[in-house]
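Participant: Numbering (this note's numbering), first residue to last: 1 to 402.
C-beta: ideal position from N, C-alpha, C; glycine also.
Small disclaimer: the values here were computed from a predicted structure and weren't measured.
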Ligand SMILES: NC(=O)c1ccc[n+]([C@@H]2O[C@H](COP(=O)([O-])OP(=O)(O)OC[C@H]3O[C@@H](n4cnc5c(N)ncnc54)[C@H](O)[C@@H]3O)[C@@H](O)[C@H]2O)c1
């Protein structure tokens, strides 16, 4: 016995390539399709609509196909209501839970579609009266209603290839000097716009920023009010403070590039000084720390979150070593972000990438093409990977902006 379902998709289906991907998916999953309605958008801005009747050889094939079509923006014409089951214990959900992507998603509750609040990757959806809230597994409480199955779910992926409004003007990876210059130009406009829209530019940075001469341009960007918050780990702060106190980073003199005698102690000395003062903020207030990125954050009241890692020395007192608390603190800062700049940190960059909805404009700068592209590959034309030295990139950005 064959089974049928009618599905619908809307958007820039042809020029984004989405329609082809929908057709391919149906055939690859072992089903067939018949186009029952197709209306092409007549102008550049108008969307197209397609309705297909799909026929599958079994319930299993049909169910799996409907799941696979969701991220392509195709779902049943006559939506069923989303199903929920109650969580059996704190931090535990029913086996058949729905796991979110980073794209805007709606849930069918009663007769209406309700947008998921706090959209991000890998959350479950908790339904409370007429609200649907993206919730981390560990935050689910026993008895809460959790969306299960795939009925009554609609995903709106961005029209990636077609939407050339932003970074789509180039490929996902940028490395030539001219292209880097173009990205910087675009970023300058984005940061200005983020400020005007009351949004925020969040910088996620690793210690390589310090080693490559990025401290001075970062200080300029912070002072010019272009940085809304900094997310990082122990090392950025340690090496920045080592440089501020002793002129070295990892024992190498920042100006001459020479290894300083006994310099390998310097980062531990820096941690010791800050621990004795009671923390970074306290060290600035006591006049001990008088320059560098962390100093500038304190004096300009730019919030920073330092998340711990298993390789940390010290750590500095401000480093959050409870990973759940660190994740929550990152997520809180990112809630208002409209531009995110990820600078040479695979660890914190990937963590942040997983927390962002696909609509946030993201630039990932890394010398390793694999890292830059992976970080930027979030199914969105709003993200781009820039393969270059982070110190050079920051100098270019600060020269254009501050
Ligand atoms: N002493 C310490 O306490 C210490 C030291 C190092 C790291 N850590 C911690 O370890 C964790 C991971 O550290 P991480 O984020 O530095 O490492 P990471 O490996 O996650 O990322 C470093 C990235 O920098 C890139 N890179 C290297 N040189 C570059 C350049 N010139 N320009 C642009 N990109 C370049 C690399 O390709 C890599 O992707 C963090 O939490 C950090 O705080 C602690």
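Within the same chain, show all residues whose beta-carbon is closer than 7 Å to that of residue 184, passing over the 5 residues directly before and after it, in chain order.
Facilitator: Here residue 184 refers to the residue found at position 184 of the chain shown. 396, 397 and 400, listed in sequence order.
Participant: Out of 304, 292 and 348, point me to the one whose CA is closest to residue 310's CA.
Facilitator: The sequence position of residue 310 within the chain shown is 310, counting from 1. Residue 310 has its Cα closest to that of 348, out of 304, 292 and 348.
Participant: So what does DSSP say about residue 246, is it helix, strand or coil?
Facilitator: Counting from one through the chain shown, the residue named residue 246 turns up at place 246. Here residue 246 sits in helix by DSSP.
Participant: Start and end of the alpha helix (DSSP H) containing residue 221?
Facilitator: Residue numbering aside, residue 221 sits at position 221 when the chain shown is read from its first letter. Run containing residue 221: 215–223, per the alpha helix (DSSP H) assignment.
Participant: Are the beta-carbon atoms of residue 201 and residue 226 separated by less than 9 Å?
Facilitator: Against the chain shown, residue 201 aligns to sequence position 201. Against the chain shown, residue 226 aligns to sequence position 226. It is a contact, given that the beta carbons lie within the stated cut-off.
Participant: Suppose the cutoff is 8 Å on Cβ atoms and the five residues either side in sequence are ignored; what does the same chain contact list for residue 292 look like?
Facilitator: What you label residue 292 is simply residue 292 of the chain shown in a count that begins at 1. Only 215, 219, 240, 241, 243 and 244 meet the Cβ criterion.
Participant: Using C-beta distances below 8 Å, list every residue in its chain close to residue 152, excluding the 5 sequence neighbours before and after it, in chain order.
Facilitator: Residue 152 sits at position 152 when you count from the first residue of the chain shown. The answer, listed in chain order, is 79, 80, 81, 82, 83, 107, 108 and 109.
Participant: Using the rule of at least 16 other Cβ atoms within 10 Å of the residue's Cβ for burial, across every protein chain shown, is residue 34 buried or exposed?
Facilitator: The residue you call residue 34 lines up with position 34 of the chain shown. Its Cβ having fewer than 16 others within 10 Å, residue 34 is exposed.
Participant: Should the segment 86–96 be regarded as contacting the segment 62–70, the criterion being three or more beta carbon pairs within less than 8 Å?
Facilitator: No: fewer than three Cβ pairs fall under 8 Å.
Participant: What runs of the beta strand (DSSP E), each 3 residues or longer, lie entirely inside the segment 20–59?
Facilitator: Correct list: 32–39 and 48–56.
Participant: Taking only the alpha-carbon atoms, compute the straight-line gap between residue 217 and residue 372 and give it to the nearest angstrom.
Facilitator: As a working mapping, residue 217 is identified with position 217 in the chain shown. As a working mapping, residue 372 is identified with position 372 in the chain shown. Cα to Cα, residue 217 sits roughly 21 Å from residue 372.
Participant: Quick one: give me the first and last residue of the beta strand (DSSP E) that residue 154 is part of.
Facilitator: As a position in the chain shown, residue 154 is number 154, starting the count at 1. Its beta strand (DSSP E) spans residues 153–155.
Participant: Return the bridge partner residues of residue 200 from the DSSP annotation.
Facilitator: Residue mapping note: residue 200 aligns to position 200 of the chain shown, counting from 1. Beta-bridge pairing links residue 200 to 337.
Participant: Could you tell me the alpha carbon to alpha carbon distance between residue 284 and residue 156, rounded to whole angstroms?
Facilitator: Locating residue 284 in the chain shown gives position 284, counting from the first residue. Locating residue 156 in the chain shown gives position 156, counting from the first residue. One C-alpha to the other measures close to 47 Å.
Participant: Sort out for me which residues DSSP pairs residue 3 with in a bridge.
Facilitator: Position 3 of the chain shown, counted from the start, is the residue given in the question as residue 3. Looking at the DSSP assignment, residue 3 forms a beta bridge with 56.
Participant: To which residues of the same chain is residue 321 closer than 6 Å at the C-beta, ignoring the five residues directly before and after it?
Facilitator: Your numbering for residue 321 matches position 321 in the chain shown. Once the five neighbours on either side are set aside, the close Cβ partners of residue 321 are 308.
Participant: What's the gap between the Cα of residue 20 and the Cα of residue 140?
Facilitator: Stepping through the chain shown from its first residue, residue 20 is reached at position 20. Stepping through the chain shown from its first residue, residue 140 is reached at position 140. Whole-angstrom Cα-Cα distance: 38 Å.
Participant: What does residue 129 pair with, by DSSP beta-bridge criteria?
Facilitator: On the chain shown, residue 129 is found 129 positions in, with the first residue counted as 1. Residue 129 pairs with nothing; no bridge assigned.
Participant: Could you tell me whether the segment 313–329 touches the segment 263–272, where touching means 3 or more Cβ pairs closer than 8 Å?
Facilitator: Flag = yes, the segment 313–329 and the segment 263–272 touch.
Participant: Could you give the DSSP three-state label for residue 287: helix, strand or coil?
Facilitator: The residue you call residue 287 lines up with position 287 of the chain shown. Coil at residue 287, not helix or strand.
Participant: Is there a C-beta anywhere in chain C that falls below 9 Å from the one on residue 333?
Facilitator: Reference to chain C is not applicable here, since this structure consists of a single protein chain.
Participant: Have a look at residue 146 and residue 180 and give me their C-alpha separation to the nearest angstrom.
Facilitator: In the chain shown, counting from the first residue as 1, residue 146 sits at position 146. In the chain shown, counting from the first residue as 1, residue 180 sits at position 180. C-alpha separation (whole angstroms): 44 Å.
Participant: On a Cα-Cα basis, can you pick out the residue from 253, 318, 132 and 294 that is closest to residue 104?
Facilitator: Residue mapping note: residue 104 aligns to position 104 of the chain shown, counting from 1. Comparing Cα positions, the closest option is 132.
Participant: Do you know offhand how far residue 119's Cα is from residue 134's?
Facilitator: For this step, residue 119 is matched to residue 119 along the chain shown. For this step, residue 134 is matched to residue 134 along the chain shown. Between residue 119 and residue 134, the C-alpha separation is close to 6 Å.
Participant: DSSP three-state call for residue 145: helix, strand or coil?
Facilitator: For the purposes of this step, residue 145 is taken as residue 145 along the chain shown, with counting starting at 1. Reduced to three states, the DSSP call for residue 145 is strand.
Participant: Which of the three DSSP states, helix, strand or coil, is assigned to residue 11?
Facilitator: Locating residue 11 in the chain shown gives position 11, where the first residue counts as 1. The answer is strand: DSSP assigns residue 11 an E or B state.
Participant: Can you tell me the Cβ-Cβ gap for residue 26 and residue 54, rounded? I've got them flagged as a contact below 8 Å.
Facilitator: For the purposes of this step, residue 26 is identified with residue 26 of the chain shown, where counting begins at 1. For the purposes of this step, residue 54 is identified with residue 54 of the chain shown, where counting begins at 1. About 6 Å; that satisfies the 8 Å criterion.
Participant: Going by beta-carbon coordinates alone, are residue 237 and residue 318 separated by less than 9 Å?
Facilitator: Along the chain shown, read from residue 1 onward, the residue named residue 237 stands at position 237. Along the chain shown, read from residue 1 onward, the residue named residue 318 stands at position 318. Contact flag set, yes.
Participant: Count the other C-beta atoms from every protein chain shown that fall within 10 angstroms of the C-beta of residue 161, then say buried if there are 16 or more, exposed otherwise.
Facilitator: Locating residue 161 in the chain shown gives position 161, where the first residue counts as 1. Bear in mind that a pLDDT of 48 at residue 161, under 50, signals an unreliable position, so the number given afterwards is only what the model happens to contain. Classification of residue 161: exposed, given that the 10 Å Cβ count is below 16.
Participant: Suppose you measure from the CA of residue 295 to the CA of residue 121; what does that come to, to the nearest Å?
Facilitator: Position 295 of the chain shown holds residue 295. Position 121 of the chain shown holds residue 121. Computed Cα separation, rounded: 34 Å.
Participant: So is the beta-carbon of residue 346 under 8 Å away from any non-hydrogen atom of ligand 1?
Facilitator: Position 346 of the chain shown, counted from the first residue, corresponds to residue 346. Answer for residue 346: yes, Cβ within range of ligand 1.
Participant: Among 288, 390 and 331, which has the Cα closest to the Cα of residue 123?
Facilitator: Walking along the chain shown from the start, residue 123 turns up at place 123. If we check each option's Cα against that of residue 123, 331 comes out closest.
Participant: Is it right to say residue 59 is buried, meaning 16 or more other beta carbons lie within 10 angstroms of its own, or is it exposed?
Facilitator: Position 59 of the chain shown holds residue 59. Its Cβ having fewer than 16 others within 10 Å, residue 59 is exposed.
Participant: Does the separation of the CB atoms of residue 339 and residue 305 fall below 9 Å?
Facilitator: Along the chain shown, read from residue 1 onward, the residue named residue 339 stands at position 339. Along the chain shown, read from residue 1 onward, the residue named residue 305 stands at position 305. No; because the gap between Cβ atoms is not below 9 Å, this pair is not in contact.
Participant: Quick check on DSSP: helix, strand or coil for residue 361?
Facilitator: Position 361 of the chain shown holds residue 361. DSSP places residue 361 in strand when its eight states are reduced to three.
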